[in-house]
Amino acid sequence: MSEMEERGTEQRQESGPVKKEKDLFDMEAGGSNSSYRNHQVEDWRTVLKLAFQCIGVVYGDLATSPLYVFPGVFQNGIKHNDDLLGVLSLIFYSIIVITLIKYVFIVMSADNSGGGGTFALYSLICRHVRVSLIPTQQSQDTEASIYNSDASTMASYLKSWLENSHIMKYVLLITTMLGVSMVLGDGILTPCISVLSAVGGLKLAVPCLEQDAIMWISVEILIVLFQIQRFGTHKVGYSFAPILALWLVLIAFIGVFNFFKHDPSTIKALNPIYIIQYFQRNKKDAWISLGGVILCLTGSEALFADLGHFNIRSIQLSSCVILVPSVLLAYLGQCSYLRKNSSHVPNAFYSSIPKTLYWPQLVLAISAAIIASQSLISASFSIIQQSVELGCFPRVKVVHTSAEYEGQVYVPEIDTVLMIACVGVTLGFKNTIQLSNAYGIAVTFVFVITSSFLVLVMVMIWNTNIIIIIIYILTVGLIELLYLSSSLYKFADGGYFPLCLAFVLVSVMFIWNYGYRNKYIYELENNIGVEKLTDIVSNTRIHRMDGLGLFYTQLVQGISALFPRYVSSIPALHSVLVFVSIKFLHISKVPAEERFLFQRVKPGELIFRCVVRYGYADSRKDQEALFEEMFANQLREFIQEDNSNNGGEDMQREMALVDKALRDGIVYLMGEGEVVAANGSSWVKKFTIDYLYNWLSWTVKQPDEAFLIPRKQLLKVGMAYEV
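Counting from 433, one number per residue, gives the positions in the sequence shown under our numbering.
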């Protein structure tokens, strides 16, 4: 037995419940090339170009937060003038610690081959630790994914504990799903609160305007916003970036103007002693008000989730040079104004605008609110794509909108769902007070989940000094938990919405993953080996016809039981037969030249096994046009190499036969199976599999649509999976 075969058998025993004899199909789905950190070329021209683009896509939420933070904090008015200094100090240090230090400079470094977001962090952990519940891990994947072999004692202990604890694997998966659900919740709440806050400025100019009118204007704007998503992040970014850049410059200018005109002494808020005094004066009320302060951080997670659309340097550059200084100056100016006009806090932003700039700023505010919504919508598309590719979300159509930057995607179904949800929430809540309570919970939950995963990355992957980890937990971790506790206090006043939404989304994701996982394990347990396959293809009853047959299966080990089912129904096989397995690695992208891994099933036979590898951010938009060409070229190269290693006697004959088969045409063979709970299963499993999972399978895209298989060349084989 070869070393590779021994590793394959050993990995099979570790990854799943099946313990079979090893056969040639236990091939490695990894690769020996470690060049998977596929960042875009970071020359300064590209960085500056992307830095400008990301202003219009990523920063909208953070940039428009001055519209609603002070009203959200002082919902019952300002009791003491120095409370403004305490709140300003909280805002200042929260932005510096959470947005700038945590997200821009620490979390960005935990990207997964250029991808960001909750699933990217989870995938990064799965690359280094066998915590995935779907048993597809194989030893050579570690080489492909740049695994870190140098581990400290603490890291080794933590890895061993996670790998051997089935409960912790579920905890990690469900926590990831919860984080994704909260980001999707942000994608619903951000447009609502941003647009409502911006349009609410009309009340100062038109006092007779009713709140219902504000609400319906906001709804119309939201519908238009979601309709333009189909044009793609690239075009939207270039269209929005100048508007938001002007917005940031103007709020910074107004902030400086108000600072010098009204109360320059607000600069004292840089002293954190005012935070302590604020809590001493207000005690519980100060803690409750943190649910409003957290609104200054909304959109921070989008910096990381939208990373796949841009790159690290572009986001870091524009954050430090434009975003953070402008926003801090805006808050400084508002605080100075409110120190002299405390009764204006319900409309703090618009009241503090000089009269000559009111209408231009109102138009800019509405435009910026639309842009703010864009950042979380783009982030939602990115994480949905990752979830689909990793088997944690029902199959939906993912459209890649840029030929230059593959991370930029649009998901039509999710766009429609988000639009309907936003309209419903806007009509239901009508104002920003309860929306801000809901918003705070969604934001802080994502913060805490990201920090929890980041600590795991620090320990197991970065081998960070334990002192630094403890400092991070005692500063950033405790701050975020304090914000979360305050947000949860407002559960009854709108805070219930993101939690209810998360429950629904996590349920859908878990049901899909549960069915997907059980189906995979069934195929793994019932796969056939090389001897059984040899008996089938050697049977004289089986007619060999011209052409090339691609038999699709999700298995990486063995051949699906669908194959003998197909042969028993149609006793005919193509002259060249390839068993194709689609595998998604826990990395962002796989280089095209390393897409295909071939293996010959039996010497002298034109029967092969091929694993086609994708990263979770890889585009398959060109598959129909280029897949067959790339596949044919890689197959020819494999035959040449395989014959060279074995004397090369039959190479010319085999190449001629393969070329003829390609000319005769390719037929795609794919299973279409119904998943049912096995006899003796609990009623919970029967209900989950027989009804919920099958209903989801029926309502979403079919596998052939997801893989862009030409319908005219497709033949499906039916089978029931008893899981």
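Don't be surprised by glycine CBs; every beta carbon is placed ideally from N, CA and C. Bear in mind the structure is a predicted one, so any value in this text is a computation, not a measurement.
Reference residue i, options the options, closest by Cα
| i | options | result |
| --- | --- | --- |
| glutamine 984 | Asn959, Asp543 and Ile1014 | It should be noted that the sequence gives tyrosine, not glutamine, for residue 984. Checked all of Asn959, Asp543 and Ile1014; the closest Cα to tyrosine 984 is Ile1014. |
| threonine 1120 | Trp476, Ile943 and Thr1131 | Ile943 |
| isoleucine 686 | Phe879, Leu1029, Leu764 and Glu733 | Leu764 |
| valine 489 | Thr882, Leu727, Val631 and Phe742 | Phe742 |
| serine 497 | Gln1145, Ser775, Trp679 and Lys1148 | Trp679 |
| phenylalanine 551 | Asn1077, Gly872, Thr607 and Arg745 | Thr607 |
| valine 988 | Tyr998, Gly981 and Gln1031 | Gln1031 |
| glycine 619 | Arg1085, Gly731 and Met977 | Gly731 |
| aspartate 925 | Arg976, Val849, Asn863 and Tyr948 | Asn863 |
| glutamine 793 | Asn869, Ala684 and Lys829 | Ala684 |
| methionine 540 | Val880, Gln748 and Ala677 | Gln748 |
| glycine 856 | Ile655, Val536, Ser883 and Lys534 | Ile655 |
| leucine 628 | Ile802, Val1033 and Thr698 | Ile802 |
| valine 936 | Ile754, Ser783, Leu1124 and Tyr998 | Leu1124 |
| valine 688 | Ser1114, Leu760, Val753 and Ser597 | Leu760 |
| isoleucine 744 | Ile1019, Arg973, Cys854 and Asp475 | Asp475 |
| tyrosine 1153 | Leu1058, Lys1034, Glu1081 and Arg997 | Arg997 |
| asparagine 1075 | Ser521, Leu1038 and Ala1110 | Leu1038 |
| leucine 982 | Ala874, Leu499, Ile1141 and Ser750 | Ile1141 |
| histidine 694 | Ser1113, Lys772 and Ser810 | Lys772 |
Exposure label - residue i; buried when at least 16 CB within 10 Å
| i | result |
| --- | --- |
| phenylalanine 1040 | buried |
| asparagine 690 | buried |
| glutamine 485 | buried |
| glutamine 659 | exposed |
| glutamine 445 | Only weak support is given to the placement of glutamine 445: the predicted model assigns it a pLDDT of 38, under 50, and the value that follows is read from those uncertain coordinates. It is exposed - the Cβ of glutamine 445 has fewer than 16 other Cβ atoms within 10 Å. |
| asparagine 508 | exposed |
| glutamate 442 | Model confidence at glutamate 442 stands at a pLDDT of 37, short of 50, so the residue's coordinates are unreliable; what they give is reported in the following sentence. Glutamate 442 is exposed by the Cβ-count criterion. |
| cysteine 932 | exposed |
| valine 414 | Residue 414 is absent from the structure shown; the chain starts at 433 and stops at 1155. |
| asparagine 959 | buried |
| lysine 715 | exposed |
| glutamine 1084 | exposed |
| proline 930 | buried |
| glycine 617 | buried |
| lysine 1159 | Lying before the first or after the last residue shown, residue 1159 is absent from the chain, which here runs from 433 to 1155. |
| arginine 973 | exposed |
| valine 753 | exposed |
| lysine 454 | The predicted model places lysine 454 with a pLDDT of 41, which falls under 50 and marks its position as unreliable; any figure quoted below should be read in that light. Under this definition lysine 454 is a buried residue. |
| valine 1149 | buried |
| tyrosine 468 | A caution first: tyrosine 468 carries a pLDDT of 36, below 50, which makes its placement in the model too unreliable to give a value. |
Presumed contact (8 Å Cβ cut-off) between residue i and residue j, rounded CB distance
| i | j | result |
| --- | --- | --- |
| valine 891 | methionine 586 | 6 Å |
| glycine 611 | valine 841 | Glycine 611 to valine 841, Cβ: 19 Å. No contact. |
| leucine 432 | threonine 531 | Coverage of the chain is limited to positions 433 through 1155, which leaves residue 432 absent and any answer about it impossible. |
| glycine 504 | tyrosine 710 | About 16 Å; that fails the 8 Å criterion. |
| leucine 1029 | valine 1043 | 4 Å |
| arginine 827 | valine 1132 | 5 Å |
| isoleucine 527 | valine 887 | The Cβ separation is near 22 Å, so there is no contact. |
| methionine 941 | methionine 600 | Incorrect: roughly 18 Å between the Cβ atoms, too far for contact. |
| arginine 559 | isoleucine 1019 | 7 Å |
| cysteine 728 | valine 501 | 5 Å |
| cysteine 1164 | leucine 516 | In this structure the chain extends from 433 to 1155, so residue 1164 is not present and cannot be described. |
Residue i, enclosing alpha helix (DSSP H) - first and last residue
| i | result |
| --- | --- |
| tyrosine 710 | 705-714 |
| cysteine 624 | 598-631 |
| valine 539 | Per DSSP, valine 539 belongs to no alpha helix (DSSP H) and is neither H nor E. |
| isoleucine 943 | 928-957 |
| histidine 560 | 550-560 |
| phenylalanine 742 | Per DSSP, phenylalanine 742 belongs to no alpha helix (DSSP H) and is neither H nor E. |
| arginine 771 | 756-772 |
Extent of the continuous beta strand (DSSP E) to which residue i belongs
| i | result |
| --- | --- |
| alanine 1152 | 1146-1154 |
| arginine 1156 | Since the first residue of the chain shown is 433 and the last is 1155, residue 1156 is not available in this structure. |
| glutamine 1011 | Strictly speaking, residue 1011 in this sequence is phenylalanine, with glutamine absent from that position. From DSSP, the beta strand (DSSP E) with phenylalanine 1011 extends over 1004-1017. |
| histidine 975 | 975-985 |
| methionine 1102 | 1098-1108 |
| phenylalanine 1028 | 1028-1032 |
Check: residue i C-beta below 7 Å from any heavy atom of the ligand ZN
| i | result |
| --- | --- |
| proline 778 | Absence of the ligand ZN is noted for the structure shown, with no ligands found whatsoever. |
Any C-beta of chain D under 8 Å from that of residue i
| i | result |
| --- | --- |
| methionine 609 | No chain D appears in this structure, which consists of one protein chain only. |
Is it a yes or a no for the segment 958-967 touching the segment 628-642, going by three-plus beta-carbon pairs under 8 Å?
Contact fails: fewer than three Cβ-Cβ distances are below 8 Å.
Decide if the segment 1082-1091 is in contact with the segment 1099-1107; the criterion is three or more beta carbon pairs, one per stretch, under 8 Å apart.
Contact between the segment 1082-1091 and the segment 1099-1107 is absent: fewer than 3 CB-CB pairs across the two stretches fall below 8 Å.
Specify whether the segment 711-724 and the segment 916-932 touch according to this definition: at least 3 beta carbon pairs, one from each stretch, less than 8 Å apart.
Enough Cβ pairs lie closer than 8 Å, so yes.
Taking contact to mean at least 3 C-beta pairs separated by less than 8 Å, is the segment 1020-1027 in contact with the segment 998-1009?
The segment 1020-1027 vs the segment 998-1009: no contact.
The segment 627-638 touching the segment 649-657, judged by at least three CB pairs closer than 8 Å:
The segment 627-638 vs the segment 649-657: in contact.
Pairs of beta-carbons, one from the segment 817-824 and one from the segment 692-700, closer than 8 Å: are there three or more?
These segments do not touch.
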